[in-house]
Each structure stands twice: as C-alpha cells, then as structure tokens.
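Quick note on our numbering: the sequence shown kicks off at 531 and runs consecutively.
Structure, as structure tokens:
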Amino acid sequence: MGEQLRLMAVHAHPDDESSKGAATMARYVAEGVDVLVVTCTGGERGSVLNPKLDRPEVWEQLPELRRAEMDRAREILGIRQEWLGFVDSGYPEGDPLPPLPDDAFALVPVERAAAPLVRLMRSFKPHVVLTYDEEGGYPHPDHVMTHKVSMVAFDAAGDPERYPEEGPVWQPLKLYYHMWNMKRIATLHAALLAEGLESPYEEWLKNLDPKRDKSSRVTTRVECADHFEQRDDALRAHATQVDPDGQWFAVPRELQVKHWPTEDYELVRSFVDSAVPEDDLFTGVRERVTC
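Written as structure tokens, this is what we have:
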C-alpha cells in the first residue's frame, strides 16, 4: 500500500477553506488522503455577511461563532484543522487606507509568523501544500500574509539550518496556488444566459481588467464535481459569512457539473517529475510515496 498521502491547505480565515478548494479536499478525503487545513487567524475582525444574522448579539459573539462554524465545516469535509493562532487584520477601506491594528497578523514579521507553520509542516509531513498566490487571491492583508508565510515555511521546512527548534525537517514535494480562473466565470455566465437564467457575473465581467485574468497560469485542473454538494454545505456552515440566497449559490449545481467540473490550481514548486497540464495534485507524488 505504501505511505498515506497527505495534503495541507493554508488559509487566512475560517470560511476560506470552504470557498477555495473545498471540493478538491473532499475528493481526496474520499480517496483516503489525510487532509489538514491550517487557519492562520480566527477571523475576529470579519463582518457578518449574512443579512439574516446581522444582529447585535451575533456581532458580539462573532469570534466564538466563527470557530463553531469552522468545526461544522471541518466535519462536513472530513478534514483535520489547526489554528495558527494569529489575529485577523481586518480589511482596511478608505482613501487613504487606515493603519492596521497593532496585533494584526499582517504586521507580524514574516520569519516569525512562519515558525508555527514550519512546525506544523514538520509534524504533519504533507506531500502537497496549497496556498494563495502573491496577491492573496484578492488583496486582503491576511491573504497576502498567508502567501508570504506559506512560501517561507515550504522552503524552510526541509532545511535543517532554519527553525531548528521546530522539529525534525520535512520537505513537502509540491506547492500550488489556488487559481480564480476567469474562463470558468465566463463559461458559467454563458451557460446561464443560454438557459435563459440571470447571471450574477454580468457586472463583474463587464468591469474586469483583462490584466487581472490569471487563467493562463492554471497548470492543474482537479475534477471534483461529485463533491460540489459537500463544498456548498461546508460553505453554508459558515453561516455568518455567507448569504445562503446570495451569489455563491446562484449557479445551479447541474450547470457547474456540466460546464466546469474542476477546481483549478497553479503548480509553483515541485521536487518530483510532473509535466503540466495535470489533473491530480499528487501527480509524481503517488509514484514516489505509494509504490
């Protein structure tokens, strides 16, 4: 049988794991892969984005509620989950942008913030790591910081001269970025219109700056349509963060399955042979680990 495959996904806040790569994780769990989500912050400074829950008592309990929501999502996806222990930076808005709070995750020196992630990489021993691209997927300071600490930790985890106090070294074999594939958005938009349905993407596509389209960077498309229902259930478990009648669920699942049955990634580091394009995050890893 060989060694069990292991996947680590590093995310900024509780709910990010359910909106990015959740069906991929559920697929691999079903295949027997050990999957660990690392959540860098507790989402303490998030908003209540579900209008049905926008009440004073919900705001007062938001940190506790977000942890409970994460527990429910974890159970739905069948994953493991660990908190890195940093404090949500909040999403600054305005012109000029206000300063971040003193205890913000995004203000922690990157080398120090990476230490607990190095420790988790060395103890969990993932073969594959998922994280955000250099822009964080979108420019939330915690998402950008998650990218930074993931890159440092991936490179340092296997280096005996770095973080010697964080346990015996382990080198993950592959690192991927989650990719918001604009071709997916355009494809689903066209499919909705062809069915005579309203598309939630009309304005988004109209205002999209072509320079921000990263579709050409996609190297790996993981088919996981059988787990879209799990993904949606996990996302709805984050009840304070998602409007169940909102845009996240506007495209009928059968259209998604028919027209875009994958979640998409960019391979950015690899210590194994894995010619792209790929359809499996463990391409090149399975041959080494499970033989």
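A virtual CB, placed ideally from N, CA and C, is assigned to each residue, including glycine.
| Item | Value |
| --- | --- |
| Along the chain, where does the alpha helix (DSSP H) containing S680 start, and where does it finish? | 671 to 686 |
| At which residues does the beta strand (DSSP E) containing S800 begin and terminate? | 792 to 800 |
| Alpha carbon to alpha carbon, how far is L537 from L595? Give it in angstroms, no decimals. | 27 Å |
| Quick check on R692: does DSSP put it in helix, strand or coil? | coil |
| Runs of 3 residues minimum, wholly inside the stretch 716 to 760: which ones carry the beta strand (DSSP E) assignment? | 750 to 753 |
| Once DSSP output is grouped into helix, strand and coil, what is the label at L537? | strand |
| Just the Cα atoms here: how many angstroms apart are G726 and L650? | 49 Å |
| Expressed to the nearest angstrom, what Euclidean distance is found between the alpha-carbon atoms of H789 and M712? | 14 Å |
| Let me check one thing: in DSSP terms, what residues is E612 bridge-paired to? | V568 |
| Judging by CA-CA distance, which residue of P698, M600, E696, L579 is the nearest neighbour of S548? | M600 |
| What is the rounded straight-line gap between the Cα of L535 and the Cα of L627? | 43 Å |
| Beta strand (DSSP E) containing L705: first to last residue? | 704 to 708 |
| According to DSSP, which residues form a beta bridge with L660? | A539, Y706 |
| Please report the straight-line C-alpha distance between V772 and V781, rounded to a whole angstrom. | 15 Å |
| For E641 and V682, I'd like the C-alpha separation in whole angstroms. | 7 Å |
| Exposed or buried, G532, counting other C-beta atoms within 10 Å across all chains shown (16 or more means buried)? | exposed |
| Sorted by chain position, which residues of the same chain lie with C-beta nearer than 7 Å to M709's C-beta, five sequence neighbours on each side aside? | K744, R747, V748, D794, Y795, E796 |
| Three-state secondary structure (DSSP) at V772? | coil |
| DSSP has A634 in a bridge; who is on the other side? | V617 |
| Between the Cα of A603 and those of K550, T750, H719, spot the shortest distance and give me the residue it belongs to. | K550 |
| What is the DSSP secondary structure of E587, counted as helix, strand or coil? | helix |
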